[in-house]
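Asks: If you're matching positions, the sequence shown starts at 8 in the numbering used here and goes up one per residue.
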Amino acid sequence: MSSVLPRAGSRGFFLTFEGPDGSGKSTQLRKLAAHLEATGHSVVVTRQPGGTHVGDRIRAILLDSQTEKLASMTELGLMFSDRAQAIAEVIRPALDQGRIVLCDRYTDSTEAYQGGGRQLGSDVVLRMHGMMCGGLQPDLTILLLADFDRSLARARRRNDRTAAFAPNEGRFESENRDFHRRVYLKYREIAAREPGRVFVIEGDQPIDAIHQQILALVDQKLRALAAVS
Ligand code: ADP
Ligand code: TYD
């Protein structure tokens with residue numbers, strides 16, 4: 008495979024990273040962004056919740072472990088409010104400029120965490136996606152599924168390390184095992200339902216091995232898009 012990936016084309020390219028807490032999304036996103044930038048692509052990196060001024064304020068409410076009594080439907084509404092803002096302010100404009108957008112989490116997270124974890128179900132999440140996001144779907148979703156206990160332990164260690172200089176963002180990580188098990192199973196369900204968009208990568212491999220698999224997938228998708236545009 009050539010290390011210079013094909014251009015994104017005039018309609019841009021929207022790639023999301025998904026997976027449970029600590030599965031390695033941010034690590035892989037950073038490596039992919041660095042590779043793409045080094046090979047001359049115009050890349051926008053963002054994350055959800057957050058990534059805009061309004062979104063960062065919503066993120067603080069959602070992730071702060073001091074936030075109490077947040078109803079599940081409020082949580083769901085805030086996730087989609089954050090996303091609608093990110094689409095309007097960051098994602099749509101970048102795609103319209105033909106850029107590559109790399110987003111750490113998107114609607115699959117809402118389906119997994121609020122639909123699965125909070126047991127609101129997929130249906131309400133997918134209907135809200137239609138209304139709040141105009142149905143905007145990623146061209147490609149990389150779903151990192153590492154061993155369930157190991158990834159949770161990694162996320163908790165990382166939060167402990169950053170707790171001294173960053174806000175406490177442990178509200179979801181402190182949920183119990185059953186919650187995280189439901190998140191994991193819902194991710195598997197999404198991948199089985201949408202095999203053309205969602206690619207599962209075994210997250211327990213070395214970081215570089217995962218990176219190579221991601222490069223191959225991105226190369227394949229960009230070529231396919233270039234062929235039709
Ligand atoms: P996420 O964004 O999914 O929460 P991170 O990329 O922040 O995950 O990774 C969580 C922790 O696990 C970090 O300390 C990171 O260095 C480490 N890590 C990431 N990928 C791997 C991997 N493939 N093997 C071992 N450790 C990893
Ligand atoms: P973040 O630090 O971005 O994720 P990670 O721990 O994987 O690096 O935290 C975001 C948290 O918000 C994460 O626990 C998943 C949760 N979340 C939802 O519950 N629903 C959503 O729609 C999104 C985008 C995130």
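Note that CB positions come from ideal geometry on N, CA and C, so glycine has one too.
(1) Which word fits ALA160, buried or exposed, when buried means at least 16 other C-beta atoms lie within 10 angstroms of its C-beta?
(2) Name the residue from ARG99, LEU102, GLY137 and PRO100 whose alpha carbon lies nearest to the alpha carbon of ASP115.
(3) How about ILE149: is its Cβ closer than 7 Å to a heavy atom in ligand 1?
(4) Note down, one range per segment and in chain order, each alpha helix (DSSP H) of at least 4 residues found wholly within the stretch 29-78.
(5) Among ASP226, LEU224 and LEU102, whose alpha-carbon lies nearest the alpha-carbon of GLN144?
(6) So, under 8 Å CB-CB, SER30 and LEU151 are touching, yes? Tell me the CB distance rounded to an integer number of Å.
(7) Quick check: the Cα distance between ARG106 and ASP89, rounded to an integer number of angstroms?
(8) Report yes or no: do three or more beta-carbon pairs, one from the stretch 78-94 and one from the stretch 53-62, lie closer than 8 Å?
(9) Rounded to the nearest angstrom, what separates GLN73 and GLY177 at their Cα positions?
(10) Pull up the distance between the alpha-carbon of CYS110 and that of GLY62, whole angstroms please.
(11) Less than 8 Å between the C-beta atoms of LEU22 and LEU222, yes or no?
(12) Is the stretch 119-126 close to the stretch 191-208, with three or more CB pairs under 8 Å?
Replies: On the basis of the supplied data:
(1) Within the sequence shown, numbered from 1, the residue matching residue 160 stands at position 153. Exposed, since its Cβ has fewer than 16 Cβ neighbours within 10 Å.
(2) Walking along the sequence shown from the start, residue 115 turns up at place 108. The shortest Cα separation from ASP115 among ARG99, LEU102, GLY137 and PRO100 belongs to GLY137.
(3) Sequence index remark: in the sequence shown, residue 149 carries index 142 (1-based). Result no, Cβ not under 7 Å from ligand 1.
(4) List check, alpha helix (DSSP H) in window: 32-45 and 60-70.
(5) The residue given as residue 144 occupies position 137 in the sequence shown. Comparing Cα positions, the closest option is LEU102.
(6) Here residue 30 refers to the residue found at position 23 when the sequence shown is read from its first residue. Here residue 151 refers to the residue found at position 144 when the sequence shown is read from its first residue. About 4 Å separates the two Cβ atoms, so the contact holds.
(7) Residue mapping note: residue 106 aligns to position 99 of the sequence shown, counting from 1. Residue mapping note: residue 89 aligns to position 82 of the sequence shown, counting from 1. Cα to Cα, the separation comes out at about 21 Å.
(8) yes
(9) Within the sequence shown, numbered from 1, the residue matching residue 73 stands at position 66. Within the sequence shown, numbered from 1, the residue matching residue 177 stands at position 170. About 9 Å.
(10) As a position in the sequence shown, residue 110 is number 103, starting the count at 1. As a position in the sequence shown, residue 62 is number 55, starting the count at 1. Cα to Cα, the separation comes out at about 14 Å.
(11) Start at 1 with the first residue of the sequence shown, and residue 22 comes out as number 15. Start at 1 with the first residue of the sequence shown, and residue 222 comes out as number 215. Result no, Cβ atoms of LEU22 and LEU222 do not sit closer than 8 Å.
(12) yes
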